[in-house]
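Heads up, the thing below is written out as structure tokens.
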Amino acid sequence: MSRMDGKRPPYDLKAPGPTGSGSPMHLPRRGLFPRLDDHLVVPELTREEIIGGRRVVSMPAKPPHATQHTRLDYVIEPNVAPGYQAATDLLTRHDEESDFASDTCVFKDGADPETGARYLEEIAFEVVSEQNDGLVTEKAVRMHRRGVRRIFAIWVKGQRICEWASENRNWRLLDHGASIEDPCLVKPLAVAALLDAAAADHAVVEALAAKGSPAIQERDAAAKAVGMAEAILQFLEARGLEVSEAQRQEILGGRDLDRLRRWLRRAATLASVDEVLSGP
2 MSRMDGKRPP
12 YDLKAPGPTG
22 SGSPMHLPRR
32 GLFPRLDDHL
42 VVPELTREEI
52 IGGRRVVSMP
62 AKPPHATQHT
72 RLDYVIEPNV
82 APGYQAATDL
92 LTRHDEESDF
102 ASDTCVFKDG
112 ADPETGARYL
122 EEIAFEVVSE
132 QNDGLVTEKA
142 VRMHRRGVRR
152 IFAIWVKGQR
162 ICEWASENRN
172 WRLLDHGASI
182 EDPCLVKPLA
192 VAALLDAAAA
202 DHAVVEALAA
212 KGSPAIQERD
222 AAAKAVGMAE
232 AILQFLEARG
242 LEVSEAQRQE
252 ILGGRDLDRL
262 RRWLRRAATL
272 ASVDEVLSGP
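Start counting the sequence shown at 2; every next residue gets the next number (the working numbering).
Dropping the structure here:
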């Protein structure tokens, strides 16, 4: 049964050790599992999944499940660390009796040298709305047994986020103020970003900045240029130097940071705005 009583034991949201560091009964053993891509159902031609030998129809969603799933994908994709990739509805053969997909997952790039197939997902996310809690829990058990390191569930009713705790076969409720740290992620991901639109936007921007995104770098450079231009105008006006409208527009339109720095230095000593703006 899922733990939903609001009582949370203390625990760490940092990534656990590598797969295989737990007790022997939880170690994934490749020889006991079929290949990840040896499917029981036909991908992309059926809505069926198989969980524990039972056929389950994966139905199209409506709000709030569909909207929550979109936010989840929006946040996870930019937060994926280099060397990993995210996927939606990635079908995985989890055991002899199960062939199903998580809502969103992250797995390593390339092919697993031991199998020649893709790598198993390392972290997985489930969005839970009308689904039976027992079914979600069974999926978590089977994913963990297959070797998925971390499994999260988002209950859209009640806005709860939990992580599967294999040691006691239960769900741990996550505090909205906590962060999820994992090698698959470029930086710690705020739990609130999975629920709140503003927090989601912030998490995306921070992740892109951490990756050195050219778009974010251009945005930051533009913001710095505007700040320097405004500082130059304030300096000139404080010294009592008259700035024409054309000169004001030239300063505010400047985007070359080196030139703006020169103008700022000149604004402290030169006698006129023409002198400040003249020259290279």
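No residue lacks a Cβ here, since even glycine has one placed at the ideal position from N, Cα and C.
State the DSSP-derived secondary structure class of residue i, mapped to helix, strand or coil.
i, result
"Y75", "helix"
"Q69", "helix"
"K140", "helix"
"A236", "Here residue 236 is Phe; the residue named in the question, Ala, does not match the sequence. Residue state, collapsed to three classes: helix."
"A154", "strand"
"V274", "helix"
"K188", "coil"
"V58", "strand"
"H203", "helix"
"Q133", "Position check: residue 133 holds Asn in this sequence, whereas Gln was assumed. The answer is coil: DSSP assigns N133 none of H, G, I, E or B."
"L37", "coil"
"E231", "helix"
"G23", "Note that G23 scores a pLDDT of 38, beneath 50, so its modelled location is shaky; the value from the coordinates is reported in the next line. Coil."
"D100", "strand"
"A223", "helix"
"L46", "coil"
"G53", "coil"
"L195", "helix"
"R170", "coil"
"I181", "strand"
"L242", "coil"
"A88", "strand"
"R147", "helix"
"A125", "strand"
Report yes if the C-beta distance between residue i and residue j is below 8 Å; otherwise report no.
i, j, result
"L258", "A232", "no"
"H1", "V192", "No answer is possible for residue 1: the residues shown for the chain start at 2 and end at 281."
"A118", "D38", "yes"
"E164", "R173", "yes"
"H343", "L92", "Any property of residue 343 remains undetermined from this structure, which presents the chain solely from 2 to 281."
"E139", "A102", "no"
"E122", "A154", "no"
"S99", "R48", "no"
"D113", "T89", "no"
"A82", "V187", "yes"
"G255", "A230", "yes"
"E251", "L278", "yes"
"Y85", "C185", "yes"
"V157", "P65", "yes"
"I77", "A62", "no"
"R72", "A201", "yes"
By a C-beta neighbour count over all protein chains shown, 10 Å radius and 16 as the cutoff for buried, is residue i buried or exposed?
i, result
"A216", "exposed"
"R147", "buried"
"N80", "buried"
"E246", "exposed"
"V58", "exposed"
"R94", "buried"
"Q69", "buried"
"R55", "exposed"
"E97", "exposed"
"A125", "buried"
"E243", "exposed"
"E219", "exposed"
"V43", "exposed"
"E238", "exposed"
"E131", "exposed"
"L195", "buried"
"D183", "buried"
"D287", "For residue 287 there is no data in the structure shown, the boundaries of the chain being 2 and 281."
"L190", "buried"
"D221", "exposed"
"A272", "exposed"
"L261", "buried"
"P25", "Residue confidence for P25 is low, a pLDDT of 35 falling below 50, so the modelled location carries little weight; the figure read from the coordinates is stated next. Exposed: under 16 other Cβ atoms inside 10 Å."
Using a Cβ-based criterion (distance less than 7 Å to any ligand heavy atom), does residue i qualify as near the ligand ZN?
i, result
"L190", "Inclusion of the ligand ZN in the displayed structure is not the case, the ligand content being empty and no account of it being possible."
Should the region 159-178 be called in touch with the region 92-110, which here means at least 3 C-beta pairs below 8 Å?
Here the region 159-178 does not lie against the region 92-110, with fewer than 3 beta-carbon pairs under 8 Å apart.
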